[in-house]
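**Student:** Can you keep this structure in mind? I'll have questions shortly.
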Amino acid sequence: MNAVEPIKSTLAVKSQIRRAIEAAEIPYTYVLCNCFAGYFLATLVQPGATAPPRDKVIITGDGIVKAVFNEEHDIGTYTIKAVDDPRMLNKSLYIRPPKNTLSFNELVAIWEKLIGKTLEKIYVPEEQILKDIQTSPMPINIVLAINHSTFVKGDQTNFEIEPSFGVEASELYPDVKYTTVEEYIGHFV
């Protein structure tokens with residue numbers, strides 16, 4: 015994890031709780047759901063927006079790093095399936111469906127295709143993001159730190175899932191018809 019404050023310490027506490035559960039030998043299934051579509055996709059990750067942009071888009075970082083976007087009902091479906099699945103005992107369920115694992119640039123390209131228009135793209139470099147995190151009040155600095163971790167450092171996708179302790183949800187449950195990013199943002203056209 016490459017998170018910076020103010021979320022770094024929050025994630026450290028979360029990790030300590032997980033290690034305590036494991037040390038106490040309490041049976042568990044962790045569900046890692048990544049970006050909620052309702053929060054991230056409904057605005058194309060635009061600060062203060064209430065809908066996806068139509069003219070210009072602010073892109074965190076270089077737009078190349080992949081992130082994962084999941085519709086909330088799909089997260090619930092995968093979670094319910096994993097609850098009673100003995101294959102998930104003491105494992106992590108990573109909800110990283112292939113069609114929803116996209117770079118910011120890919121996300122914007124899908125939106126541009128749907129609206130039939132090319133947007134002006136404003137890229138915010140990492141140095142500026144880090145400066146903004148330091149100078150912004152709460153909760154803006156938290157949002158910026160999460161976006162930095164996700165869209166600059168790639169903390170959702172910069173690792174392979176180790177089969178001994180984790181599995182990808184759409185591989186384990188191929189029968190689930192998950193909502194793709196394109197289907198989700200298509201509702202905003």
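With positions in the sequence shown counted from 1, the corresponding number in the numbering used here is that position plus 14.
Backbone N, C-alpha and C define an ideal beta-carbon position, used for all residues, glycine too.
1) How would you label T149, buried or exposed, when you count the other beta carbons within 10 angstroms and need 16 or more for buried?
2) Buried or exposed, going by whether 16 or more other CB atoms sit within 10 Å of the CB of Y108?
3) Taking 7 Å as the threshold (C-beta atoms), are S117 and L46 in contact?
4) Nearest by alpha-carbon distance to P20: which of V203, Y198, I147, L58 is it?
5) Between the Cα of E197 and those of D88, Y92, Q142, spot the shortest distance and give me the residue it belongs to.
6) From P66 to L58, what does the alpha carbon distance come to, in whole angstroms?
7) Apply the 10 Å Cβ neighbour rule to V97 and answer buried if 16 or more other Cβ atoms are within range, or exposed otherwise.
8) Let me know the secondary structure DSSP gives A65 once reduced to three states.
9) Take the Cβ of R110 as the centre, count every other Cβ of all protein chains shown within 10 Å, and call the residue buried at 16 or more, exposed below.
10) Do the segment 76-88 and the segment 29-48 touch if we need at least three Cβ pairs shorter than 8 Å?
11) Would you mind giving the Cβ-Cβ distance between T43 and L103, rounded to the nearest angstrom? I have them listed as a contact below 8 Å.
12) Touch check for the segment 179-188 and the segment 155-170: three-plus C-beta pairs under 8 Å?
13) Look at K95 and Y192 and say whether their C-beta atoms are less than 7 Å apart.
14) Identify every residue that forms a DSSP beta bridge with A81.
15) Does the distance between the C-beta of V157 and the nearest non-hydrogen atom of the ligand COA fall short of 6 Å?
**Tutor:** Reading off the structure:
1) For the purposes of this step, residue 149 is identified with residue 135 of the sequence shown, where counting begins at 1. The residue is exposed, with fewer than 16 neighbouring Cβ atoms inside 10 Å.
2) Residue numbering aside, residue 108 sits at position 94 when the sequence shown is read from its first letter. In the assembly as shown, Y108 is a buried residue. Its beta-carbon has 16 or more other beta-carbons within 10 Å.
3) Translated into the one-based positions of the sequence shown, residue 46 becomes position 32. Translated into the one-based positions of the sequence shown, residue 117 becomes position 103. No, the Cβ-Cβ distance between L46 and S117 is not below 7 Å.
4) As a working note, residue 20 is residue 6 in the sequence shown. Checked all of V203, Y198, I147, L58; the closest Cα to P20 is I147.
5) As a working note, residue 197 is residue 183 in the sequence shown. Across the set D88, Y92, Q142, the C-alpha of D88 shows the shortest separation from the C-alpha of E197.
6) In the sequence shown, residue 66 corresponds to position 52, counting from 1. In the sequence shown, residue 58 corresponds to position 44, counting from 1. Looking at the two C-alpha atoms, the distance is approximately 5 Å.
7) In the sequence shown, counting from the first residue as 1, residue 97 sits at position 83. Around the beta carbon of V97, a 10 Å sphere encloses fewer than 16 other beta carbons of the protein chains shown; the residue is thus reported as exposed.
8) Looking up residue 65 in the sequence shown gives position 51. DSSP, read as helix, strand or coil, puts A65 in coil.
9) Translated into the one-based positions of the sequence shown, residue 110 becomes position 96. Within a 10 Å sphere around the beta-carbon of R110 sit 16 or more other beta-carbons, which makes this residue buried.
10) Contact holds: three or more Cβ-Cβ distances are below 8 Å.
11) To locate residue 43, count along the sequence shown from 1; it is residue 29. To locate residue 103, count along the sequence shown from 1; it is residue 89. With a beta-carbon spacing of about 7 Å, T43 and L103 fall inside the 8 Å limit used to define contacts.
12) No, because fewer than three Cβ pairs between the segment 179-188 and the segment 155-170 fall closer than 8 Å, the two stretches do not touch.
13) Counted from its first residue, the sequence shown places residue 95 at position 81. Counted from its first residue, the sequence shown places residue 192 at position 178. No, the Cβ-Cβ distance between K95 and Y192 is not below 7 Å.
14) The residue labelled residue 81 in the question sits at position 67 within the sequence shown. Assignment of beta-bridge partners to A81 by DSSP yields L116.
15) No copy of the ligand COA appears in this structure; indeed no ligand is present at all.
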